[in-house]
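The structure appears right after this line, and notes come after that.
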Amino acid sequence: MTALGPRRASRARARDAYRLRCQHKTWDDIAAACGYGSAAAACKAVTRYIERMPPEETAMARALSAGTYRMVINELHQIAEAAQQQNKHTPALQALQAIADVQERHDKLIGIAPVAPATEVNVNIGAAEALEQMRSQLTRVIDAEVIGEVRELGA
Numbered sequence: 202m203t204a205l206g207p208r209r210a211s212r213a214r215a216r217d218a219y220r221l222r223c224q225h226k227t228w229d230d231i232a233a234a235c236g237y238g239s240a241a242a243a244c245k246a247v248t249r250y251i252e253r254m255p256p257e258e259t260a261m262a263r264a265l266s267a268g269t270y271r272m273v274i275n276e277l278h279q280i281a282e283a284a285q286q287q288n289k290h291t292p293a294l295q296a297l298q299a300i301a302d303v304q305e306r307h308d309k310l311i312g313i314a315p316v317a318p319a320t321e322v323n324v325n326i327g328a329a330e331a332l333e334q335m336r337s338q339l340t341r342v343i344d345a346e347v348i349g350e351v352r353e354l355g356a
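Here it is, written out as structure tokens:
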């Protein structure tokens, strides 16, 4: 394993390892690229780097994500226009579908996407039990009606 050097160099190396991890690189790839002795050492460096980061405010994170979505949508519009000008309909449609997907995520992020109400279904009873429950409920309704009619006749 190589010498760590000054703190500035190891912080820069941890930052580079963090960026690679954000690009979904494996720990082995990160260790090789950044000069760590093992995948575990790279993982530990990234974990420490993340722990030292100041906590992100929700509003700021949401604003940054919204800006990123806008940039992606802008790029996709340019791709769709270029494909359409070249009469390449399939890439244009794919870009437009990607725009719709990104826009949907953006709408969810800022809270304007429609949310379907959650429906809870309980299917813990069998068919025979369900029929028996319905019969008993109907019997109670009929009994209540009969008792009501008897009271009306007696009055």
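Residues in the sequence shown are numbered from 202 upward in steps of one, following this note's numbering. Where a beta carbon is used, it is the ideal one built from N, C-alpha and C, also for glycine.
Mind reading off the beta-carbon distance from residue i to residue j? Whole number of angstroms is fine, and I expect it under 8 Å.
i	j	result
R216	Y250	6 Å
Which value, in whole angstroms, describes the spacing of the CA atoms of residue i and residue j?
i	j	result
I231	Q224	10 Å
V342	P318	32 Å
G327	A345	27 Å
E321	A314	21 Å
Q286	E276	16 Å
K289	H278	14 Å
L294	E330	52 Å
R212	R271	31 Å
M335	N325	15 Å
A233	T259	34 Å
E282	P256	40 Å
If you measure between the beta carbons of residue i and residue j, is that distance less than 8 Å?
i	j	result
I311	A262	no
V247	R222	yes
I280	A301	no
A240	D229	yes
P292	A284	yes
I274	V316	no
Would you mind working out which of the options sits nearest residue i, comparing C-alpha positions?
i	options	result
A264	Y237, K309 and A329	K309
A210	C235, R220 and T227	C235
A242	T259, T269, M254 and T227	T227
R253	M335, A233 and K245	K245
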